[in-house]
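Protein chains in written order, with the UniProt record's numbering: chain A, 1 to 135; chain B, 1 to 345. Positions of the beta carbon are idealized from the N, C-alpha and C atoms, including for glycine. Working notes, beginning with the structure itself.
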């Protein structure tokens, strides 16, 4: 007769839950970028096709959306930067497979994703700034 | 074996290689000049696109030199390990900041020239429909209620921007005059538009740029930009009904045209309300075919021999073309028909 596996200890459960959350969190910056992109695309397409007179309002709305998206990405990036904790540990790559390393590595990955998401949002906003008409 | 081949056999392989590469380079470079080249712009839009090309090419060369120079440096000149600090800095500056700034600048530049490519016209509107394998062309001067119909040739007033509405008959085509501007696809049942601004009078060639069937490569057209006054005169002449030639051969040719039923597909507009032929619209309008610069949509010239060759051997010249070959015509009839059509100026 086989024995049941020993029940997991509370600290283990807590740590697992926390890592699962930070796995979700690293997706949030790209998701913000995607939401900003889809919003910009949809608003520009619909306004230009249906109501070009509203274009100045649409541009303003999209610039506000950009500000909001950048604020969210900046906040996510800041949290990830603290999770990476590079300044305290000086550990850049977190090559060791300890729980602490995994934790910090997810922060590292999230910082890079926040960076590229911010660049994506800024690039996505350039047409709003540079194209003043539906042409 | 011919003498020249024999001589080639005695040339060392390296020299033969040199010769063939020189030949290839000459062929490749000959494509950069002339009537159908984006590198010899004659229009405002092509000039902007040409600048974009040179900026991109220059940038690509600089980047190539930088990347390969760095590669050369770390593999040949300084093979010692780089410090971690330097390597990280290189990744952040060379891998993140530099490309972001360069791509951002190119994006801003590209966006800033985009609206020019879709600027509205100054008055004249052309409507071009892609057919298999020719171009139906309508001129709509500002305020016109009916179009002036032509085919297989685009004429534009120089120094002005003309609007071009594009459509297609059965399959997708693409309208492209490399020397004047970018290309635009033509879709059956859906209008697309572009505008072109030739800077000075000139003569170029356009080409269908989307595969559309057996004779896609033979679907071209002549493009002429004229001084606005000359253009107005030309357009007035195109609007006028046909002036059939009055010489005996031309008159006999008109009879052949009627007898062979050419009018079922081709229009030769007579004086208002007094058409001598039915106004067929399956094929190109031939009212002023004698004044055009090419036959068979940019495929042949416009000598009498070209007319005869085209009428008698359509399918041999343009595979799968809808017009049947009238090779059963006697030499006399063929010659008369060519005289008549060439006389329709």
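Of the listed residues A:107, A:132, A:125, nearest to residue 20 (chain A) (C-alpha basis): Taking the first residue of the first chain as 1, we reach residue 20 (chain A) at position 20. The candidate whose alpha carbon is nearest that of residue 20 (chain A) is A:107.
Contact residues within the segment 122-135 of chain A, judged by C-beta distance below 7 Å to chain B: 123, 126, 127, 130, 131, 133, 135
Through-space distance from residue 211 (chain B) to residue 337 (chain B), alpha-carbon basis: As a first step, residue 337 (chain B) must be located in the second chain, where it is residue number 337. As a first step, residue 211 (chain B) must be located in the second chain, where it is residue number 211. Near 33 Å, if we compare the C-alpha coordinates of residue 211 (chain B) and residue 337 (chain B).
Anticipated Cβ contact below 8 Å, residue 137 (chain B) with residue 153 (chain B), distance rounded: Taking the second chain and counting its residues from 1, one reaches residue 137 (chain B) at position 137. Taking the second chain and counting its residues from 1, one reaches residue 153 (chain B) at position 153. Their Cβ separation, rounded to whole angstroms, is 7 Å, which keeps residue 137 (chain B) and residue 153 (chain B) in contact under 8 Å.
Residue 253 (chain B) and residue 265 (chain B) closer than 8 Å at C-beta: Along the second chain, read from residue 1 onward, the residue named residue 253 (chain B) stands at position 253. Along the second chain, read from residue 1 onward, the residue named residue 265 (chain B) stands at position 265. No; because the gap between Cβ atoms is not below 8 Å, this pair is not in contact.
Whether residue 287 (chain B) touches residue 303 (chain B) by CB criterion (8 Å): Here residue 287 (chain B) is taken as the residue at index 287 of the second chain, counted from 1. Here residue 303 (chain B) is taken as the residue at index 303 of the second chain, counted from 1. Taking 8 Å as the Cβ cut-off, residue 287 (chain B) and residue 303 (chain B) do not qualify as a contacting pair.
Reference residue 124 (chain B); option with closest CA among B:42, B:320, B:194, B:332: The residue given as residue 124 (chain B) occupies position 124 in the second chain. Ranking B:42, B:320, B:194, B:332 by Cα distance to residue 124 (chain B) puts B:194 first.
Distance CB(residue 133 (chain B))-CB(residue 321 (chain B)) smaller than 8 Å: Along the second chain, read from residue 1 onward, the residue named residue 133 (chain B) stands at position 133. Along the second chain, read from residue 1 onward, the residue named residue 321 (chain B) stands at position 321. Yes; because the gap between Cβ atoms is below 8 Å, this pair is in contact.
8 Å Cβ cutoff met for residue 29 (chain A) and residue 77 (chain A): Within the first chain, numbered from 1, the residue matching residue 29 (chain A) stands at position 29. Within the first chain, numbered from 1, the residue matching residue 77 (chain A) stands at position 77. Contact: yes.
Opposing strand residues paired with residue 139 (chain B) [DSSP bridges]: For the purposes of this step, residue 139 (chain B) is identified with residue 139 of the second chain, where counting begins at 1. Per DSSP, B:126, B:148.
Contacts of residue 119 (chain A) in chain B (Cβ-Cβ under 7 Å): Along the first chain, read from residue 1 onward, the residue named residue 119 (chain A) stands at position 119. 100, listed in chain order.
Contact set for residue 120 (chain A): own chain, Cβ-Cβ below 6 Å, skip 5 residues either direction: Walking along the first chain from the start, residue 120 (chain A) turns up at place 120. Here the set comprises 33.
Residue 8 (chain B) versus residue 197 (chain B): straight-line alpha-carbon distance, rounded: Counting from one through the second chain, the residue named residue 8 (chain B) turns up at place 8. Counting from one through the second chain, the residue named residue 197 (chain B) turns up at place 197. Residue placement at residue 8 (chain B) cannot be trusted, given a pLDDT of 45 that sits under 50; what the coordinates show is reported in the next sentence. Distance between the alpha carbons of residue 8 (chain B) and residue 197 (chain B): 49 Å.
Three-state secondary structure assigned by DSSP to residue 206 (chain B): Taking the first residue of the second chain as position 1, residue 206 (chain B) is located at position 206. Correct three-state label for residue 206 (chain B): strand.
Near-chain A residues of the segment 103-126 of chain B - C-beta to any C-beta below 8 Å: 103, 104, 107, 108, 111, 112, 114, 115, 118, 119
CB contact below 8 Å: residue 328 (chain B) versus chain A: Counting from 1 along the second chain, the entry for residue 328 (chain B) is found at position 328. By this cut-off, residue 328 (chain B) is not an interface position.
Which listed residue (B:224, B:75, B:313) has its alpha carbon closest to that of residue 329 (chain B): Working through the second chain from its first residue, we reach residue 329 (chain B) at position 329. Nearest C-alpha to residue 329 (chain B): B:313.
Candidates B:343, B:184, B:247: closest to residue 307 (chain B) by CA position: Sequence index remark: in the second chain, residue 307 (chain B) carries index 307 (1-based). Closest by alpha carbon: B:343.
8 Å contact criterion, which residue 40 (chain B) and residue 225 (chain B) should meet: CB distance rounded: Your numbering for residue 40 (chain B) matches position 40 in the second chain. Your numbering for residue 225 (chain B) matches position 225 in the second chain. That pair is no contact at about 14 Å.
Length-filtered (4 minimum) alpha helix (DSSP H) runs lying within the segment 264-342 of chain B: 304-312, 314-317
Start and end residues, alpha helix (DSSP H) containing residue 64 (chain B): The residue you call residue 64 (chain B) lines up with position 64 of the second chain. Taken as a continuous stretch (DSSP letters only), the alpha helix (DSSP H) holding residue 64 (chain B) covers 44-72.
Coil, strand or helix - residue 374 (chain B) by DSSP: No answer is possible for residue 374 (chain B): it lies beyond the span of chain B, which begins at 1 and ends at 345.
Rounded Cβ spacing between residue 367 (chain B) and residue 296 (chain B) (contact assumed at less than 8 Å): This structure cannot speak to residue 367 (chain B), because chain B is shown only from 1 to 345.
Where residue 214 (chain B) falls, given that 16 or more other Cβ within 10 Å makes a residue buried: For the purposes of this step, residue 214 (chain B) is taken as residue 214 along the second chain, with counting starting at 1. Looking at its Cβ environment, which holds fewer than 16 other Cβ atoms inside 10 Å, residue 214 (chain B) is exposed.
Own chain residues within Cβ distance below 6 Å of residue 130 (chain B), not counting five before or after: Indexing the second chain from 1 puts residue 130 (chain B) at position 130. Excluding positions up to five away in sequence, the list reads 168, 173, 186.
Pair within 8 Å by beta-carbon distance, residue 58 (chain A) and residue 73 (chain A): As a first step, residue 58 (chain A) must be located in the first chain, where it is residue number 58. As a first step, residue 73 (chain A) must be located in the first chain, where it is residue number 73. No, they are not a contact pair.
Which of helix, strand or coil DSSP assigns to residue 201 (chain B): Taking the first residue of the second chain as 1, we reach residue 201 (chain B) at position 201. Looking at residue 201 (chain B) - three-state DSSP - the assignment turns out to be coil, as it is neither helix nor strand.
Pairwise C-alpha distance: residue 38 (chain A) and residue 83 (chain B): Translated into the one-based positions of the second chain, residue 83 (chain B) becomes position 83. Translated into the one-based positions of the first chain, residue 38 (chain A) becomes position 38. Whole-angstrom Cα-Cα distance: 43 Å.
Residue 192 (chain B), DSSP secondary structure in three states: Numbered from 1 along the second chain, position 192 holds the residue referred to as residue 192 (chain B). In the structure shown, residue 192 (chain B) sits in a strand (DSSP, three-state: E or B).
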